[in-house]
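Sequential numbering from 319 applies to the sequence shown in the numbering used here.
The beta-carbon is built from N, C-alpha and C at its ideal position, and this holds for glycine as well.
The structure appears right after this line, and notes come after that.
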Amino acid sequence: MMFRCRAFATVRFHMDTFISYYVESSLPEKTVEAMEREVRRCELLFDRFSDSSEIARINANAGNYTEVSEETYRLVEEAVKLARDNGGYFDPTLGAVSDLWGFGSSPRIPSDGELSSAMEHVGYDRVSFLEKDGSFFVRAGEGQSLDLGGIAKGYALRLIREAAEKAGCRSAVISFGGNVILAGAGPEGRNTFSVGIRSPKEDSIAPALVLNLSGGVVSTSGSYERFFIENGVRYCHIIDPFSGSCAAGDLVSVSVVCGDPVEADCLSTALFVRGLDSALDALASGEATGVAIDSAGTIYVSPDLFDAVDPEGIAEGYRVEVIG
Ligand code: AMP
Ligand code: MG
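Pasting the structure below:
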């Protein structure tokens, strides 16, 4: 028997941000519920602010091995590998520094002394792994605090995409705090998906740019996401692991287009930390495919995305430059 495909869209709140679902399948509400179960499971495992999460348990027991599920073990292992592959610009051991800046609760500028003590606890190479008799153990270095905030949403999206495939979705677009997956064919029988790259301007609802893509993942890290301004300086939730600073420079946002949501989530964070010049080098050289927006309103597009740019989708006040 053939089931008719229906569309269902809804918005929920997880990991301190919104997740929006658009699903075309024979039972789309059920598909979304299956996806929601995955997201809730990820929250239970990885939310370091919830005392019972496995990440919180690793942190509370830092300096010693903590037994965790294989899933948490594999994700921490992947996070450490990504940190290494990205030259340390992405670092999942920044928890002590994140806490000082207080983006989760009450943001403030820490003193130099506080920052340098917290920085002593940063270093992905101090995380150890042990697999024994089918059990899995992770040890954060003494005083360290793991923070998977830079990839947890990407990981949840990886599971969500698997759920979309399992449910035989004709089309699915799921956007989770700056990361969006495009699964199946385009919505409503179209060949492509239109993805808006958010405008960093506070008063703008229209996207800065629209890309027409045939699938994959787009992850964006930007200084407009969680920030505060003091004495004219904008401080945002993305931290430089080498200095502990989170002052935003000329790079306002960077979006990465790739096949894997975890890699995209990590890479957008790492490129944001690297700053405008280095991010543009990465986009021009083919190291990454994506879009960077600077504070003057220039949208830099990597050469392999030239055909994806919707000429009608460029917001007023922006200009597009293809680099490379
Ligand atoms: P995203 O929005 O994906 O760029 O991730 C930002 C989140 O990742 C922050 O809220 C922190 O929890 C965490 N984070 C901040 N800076 C870094 C960094 N340099 N490397 C890894 N995670 C980071
Ligand atoms: Mg990210």
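According to DSSP, is GLY635 helix, strand or coil? When secondary structure is reduced to three states using DSSP, GLY635 falls in the coil class, being assigned neither helix nor strand.
Need the endpoints of the alpha helix (DSSP H) that PHE364 sits in, please. 346 to 364
Classify PRO346 as buried or exposed, calling it buried when 16 or more other Cβ atoms lie within 10 Å of its own Cβ. buried
In whole angstroms, give me the CA-to-CA distance for CYS259 and ARG322. Any property of residue 259 remains undetermined from this structure, which presents the chain solely from 319 to 642.
Near ASN377, what residues of its chain come up, given a Cβ to Cβ distance below 7 Å and the 5 sequence neighbours on each side ignored? Within the same chain, Cβ atoms closer than 7 Å to the Cβ of ASN377 are found at ARG366, GLY413, ALA458, SER463 and LEU464, the five residues on either side in sequence being excluded.
State the DSSP-derived secondary structure class of SER416, mapped to helix, strand or coil. Three-state result, SER416: helix.
Quick check on PRO511: does DSSP put it in helix, strand or coil? The sequence shown places Phe at residue 511, not Pro. In this structure, PHE511 counts as strand in the three-state DSSP scheme.
Taking the runs of the alpha helix (DSSP H) that are 4 residues or longer, which of them lie wholly in the stretch 585 to 633? Listed in chain order, they are 594 to 603.
How about ILE515 and LEU500: are their beta carbons less than 9 Å apart? no
List the endpoints of the continuous alpha helix (DSSP H) containing GLU548. Premise fails: GLU548 lies in the beta strand (DSSP E), 545 to 548, not in any alpha helix (DSSP H).
Mapping DSSP to helix, strand and coil, what is MET319? Its pLDDT being 46, under 50, MET319 is placed unreliably by the model, and the measurement read from it follows with that caveat. Of the three classes helix, strand and coil, the one that applies to MET319 here is coil, per DSSP.
Are THR538 and VAL591 close, meaning C-beta to C-beta below 9 Å? no
Would you mind working out which of THR616, GLY615 and VAL640 sits nearest ASP625, comparing C-alpha positions? VAL640
Within its chain, find whatever has a CB closer than 8 Å to the CB of GLY642; leave out the 5 residues flanking it on each side and keep chain order. LEU601, ALA602, SER603, GLY604, SER620 and PRO621, listed in sequence order.
Where ARG476 falls: helix, strand or coil (DSSP): Note: ARG476 maps to helix in three-state DSSP.
If I'm right that VAL574 touches ALA606 with Cβ under 8 Å, what's the distance once you round it to whole angstroms? 6 Å
Distance between SER561 and GLY610 (C-alpha atoms, nearest Å): The sequence given here places Ala at residue 610; Gly does not occur at that position. Going from the Cα of ALA610 to the Cα of SER561 covers about 23 Å.
Quick check on the burial criterion: 16 or more other C-beta atoms within 10 angstroms. Buried or exposed for SER446? Within a 10 Å sphere around the beta-carbon of SER446 sit fewer than 16 other beta-carbons, which makes this residue exposed.
With DSSP collapsed to three states, give me the class of GLY431. helix
For the alpha helix (DSSP H) holding ALA378, just list the boundary residues, first then last. 372 to 378
State buried or exposed for SER416, treating a residue as buried only when at least 16 other CB atoms are found within 10 Å of its CB. buried
Quick check on MET319: buried or exposed, where buried means 16 or more other Cβ atoms within 10 Å of its Cβ? Reliability fails at MET319, whose pLDDT of 46 lies under 50, so the model's placement of it is uncertain and no value is given.
Quick one: what's got a C-beta closer than 6 Å to TYR340's C-beta in the same chain, skipping five residues either side? ALA327 and VAL491
Once DSSP output is grouped into helix, strand and coil, what is the label at ALA503? If DSSP states are grouped into helix, strand and coil, ALA503 belongs with coil.
Starting from the C-beta of TYR391, find all residues in its chain whose C-beta is less than 8 Å away, skip the five residues before and the five after it, and write them out in chain order. PHE447, GLU449, PHE454, PHE455 and VAL456
By DSSP, does PHE455 sit in helix, in strand, or in coil? strand
Would you say GLU543 touches the ligand AMP, meaning its beta carbon is less than 8 Å from a heavy atom? yes
My output table needs one value for VAL386: the three-state DSSP class, helix, strand or coil. In the three-state DSSP reduction, VAL386 falls in the strand class (E or B).
Please say whether VAL535 and VAL570 have beta carbons closer to each other than 9 Å? no
Beta-carbon proximity check, GLU342 vs SER512, cutoff 9 Å: no
Beta-ladder partner(s) of ILE556, from DSSP: In the DSSP output, where bridge partners are listed per residue, ILE556 has none listed.
Neighbourhood of ALA482 by C-beta distance below 6 Å, restricted to the same chain and skipping five residues each side: ALA490 and ALA501
Could you check which residue in PHE336, THR616, ALA633 and LEU623 has the C-alpha nearest to that of LYS471? Taking only the C-alpha atoms, the option nearest LYS471 is PHE336.
Please state whether DSSP places LYS450 in a helix, a strand or coil. strand
Check this for me: beta carbons of GLU356 and LEU433, under 9 Å apart or not? No, they are not a contact pair.
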